[in-house]
Structures are given as C-alpha cells and as structure tokens.
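Q: I am attaching a structure below and will ask some questions about it afterwards.
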Amino acid sequence: MSQENVFVFDHPLIQHKVSLLRDKNTSTKEFRELVSEIAMLMAYEVTRDLPMKEVDIETPVAVAHTKMLAGKSIAIVPILRAGLGMVDGMVALIPNVKVGHIGLYRDPVTVEPVTYYCKLPEDVNERDVILLDPMLATGGSASAAIGYLKEKGITNIKFMCLIAAPEGIARIQKDHPDIKIYCAAKDERLNDHSYIVPGLGDAGDRIFGTN
6 MSQENVFVFD
16 HPLIQHKVSL
26 LRDKNTSTKE
36 FRELVSEIAM
46 LMAYEVTRDL
56 PMKEVDIETP
66 VAVAHTKMLA
76 GKSIAIVPIL
86 RAGLGMVDGM
96 VALIPNVKVG
106 HIGLYRDPVT
116 VEPVTYYCKL
126 PEDVNERDVI
136 LLDPMLATGG
146 SASAAIGYLK
156 EKGITNIKFM
166 CLIAAPEGIA
176 RIQKDHPDIK
186 IYCAAKDERL
196 NDHSYIVPGL
206 GDAGDRIFGT
216 N
C-alpha cells in the first residue's frame, strides 16, 4: 500500500522473510542473508519508475523491438553501520550501481545526529540515489543523512528500510516531504528506549553478531 510517499510492501515473499528476520532465534548468518534477500526483492519496486528507451536488438532469429534502461544511473548510500547489510542484495540486482557511505553518531549534548564520515561517488549528482538503513525509528539519522545529501546537490533521493515506526515516517515527512519512503513493514510504535515495537532488535548487532 502507499500513502503520502510511503510504500509498504505486501509481497508474500517479503513478508515471509521479514517474519523470519524478526525471530529472536534466527542466527547471525541467517539474519544477514535475509536482510540481503529482502533488500534485493524490494529493489524491484524501488526502481520501478526508472526511465526506459526503445531499442532494436538483433536476436539469432530476428530483430526485437524492445526496451532498455535510459536516463540517470543509480547510486546506493548505506547509513553506517547497519545499512551495509542491505548493499549486497542491491548490488546483486543492479551490478553497475555505485556505492557511497554515510556515517552518523548522536551528539551526547545536543542529541542531534552528526556526520562523521561521508564518501560518495564523484558523479553522484548525476545519479538517482537510494539511501539505505534497515530501521527507521525516530527518523533523526535518516533525516540528517537526507539533508546532507541534499546539501551535496543531490536532487533525486529515495529512502529504503526494512522496518519503519510511525514516528520515523512522520519525521521524514515533516523534514523532507518530497522523499519517498519504502519499507517492508510498518510497525506499531517506539518504546521508551526508541526501539521499534515489535521490531527485530538492533539490526546492526544482529547483522554483525555484536551485542
């Protein structure tokens, strides 16, 4: 379903894999594989509006009047560290994609996100950018990353996550109403510790096997 630039995927394969992802007994290996697989499945829909051009292709039998991608190329930008878990699935589907990285931490005094690392492709301004982070909780980090990309002159940005809380969606819609949000599941709320409920725990810890 979609509403106000928010797209929640109801495809059976995605929903099945998200259910396995939530299970506290899912191993690190399985969790990592599921994150990659879900990202790849979601990429089909996130790239649905890519422009096409008509071409003639000579097959062994005849000339086929068909279509290929046209227009801008794509860059994916994971938010460190958990966003890294979504990269392999995206690259598997779009091999020529370029990959940037954004690192953020929360200032202990202001409680605002601060960018500590950013490395983007040189031609990123000529590309459509898909920002990746498994969890959209408060929306602070995602909003800051989107703002940072906009400061770099990037105009076409989509945000893709696995689990989103209403609070995070509201934050992005308030700060960046032009941004489309794609998620595999929209959960109930945040708890007092800003964890998504029911969620799946800390995605970064579960991807990398840390505590």
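To get the numbering used here, take the position in the sequence shown, counting from 1, and add 5.
All C-beta atoms, glycine included, are put in the ideal place defined by N, C-alpha and C.
Helix, strand or coil, according to DSSP, for Gly108 in the structure here?
A: DSSP places Gly108 within a strand segment (E or B) once states are collapsed to three.
Q: Can you give the beta carbon distance from Gly94 to Ala44, rounded, assuming they're within the 8 Å contact cut?
A: 4 Å
Q: Would you check if there are 3 or more beta carbon pairs closer than 8 Å linking the stretch 19–34 to the stretch 51–67?
A: no
Q: So what does DSSP say about Pro118, is it helix, strand or coil?
A: Pro118 falls in the strand class under three-state DSSP.
Q: Taking DSSP's pairing of strands, which residues face Tyr187 in a bridge?
A: Paired residue(s): Phe12, Met165.
Q: Quick test of the definition: if touching needs 3 or more C-beta pairs under 8 Å, does the stretch 133–148 touch the stretch 165–180?
A: yes
Q: Going by C-alpha to C-alpha distance, which of Cys166, Met165, Leu125 sits closest to Tyr153?
A: Measuring from the Cα of Tyr153, the nearest candidate turns out to be Leu125.
Q: By the 10 Å Cβ neighbour count, where 16 or more other Cβ atoms means buried, how is Asp54 classified, buried or exposed?
A: exposed
Q: Looking only at its own chain, which residues have a Cβ that is under 6 Å from the Cβ of Gln103, when we skip the five neighbours before and after it?
A: Note that residue 103 is Lys in the sequence shown here, rather than Gln. Cβ within range, chain order: Ala80, Pro126.
Q: Beta-carbon separation of Ala97 and Ala208 under 8 Å?
A: Their beta carbons are not under 8 Å apart, which means Ala97 does not touch Ala208 by this criterion.
Q: Relative to the C-alpha of Ile99, which candidate in Ile107, Pro118, Ile135, Glu131 has its C-alpha closest?
A: Closest in alpha carbon position to Ile99, among Ile107, Pro118, Ile135, Glu131, is Ile135.
Q: With a CB to CB cut of under 8 Å and the five nearest residues on each side skipped, what residues in its chain are close to Val40?
A: Once the five neighbours on either side are set aside, the close Cβ partners of Val40 are Leu26, Gly90, Met91, Gly94, Pro139, Leu167, Ala208, Ile212.
Q: In chain order, what residues of the same chain lie with their CB nearer than 8 Å to the CB of Tyr110, ignoring the 5 residues before and after it?
A: Pro118, Val119, Tyr121
Q: Ordered along the chain, which non-local residues of its own chain (more than five positions away) have a Cβ less than 7 Å from that of Asp210?
A: Asn216
Q: If we call anything under 8 Å between Cβ atoms a contact, is Asn10 one with Ile184?
A: Yes, Cβ-Cβ distance for Asn10 and Ile184 is below 8 Å.
Q: Mind checking which residues open and close the alpha helix (DSSP H) that includes Arg132?
A: It is not in any alpha helix (DSSP H) - Arg132 instead sits in the beta strand (DSSP E) that spans 132–137.
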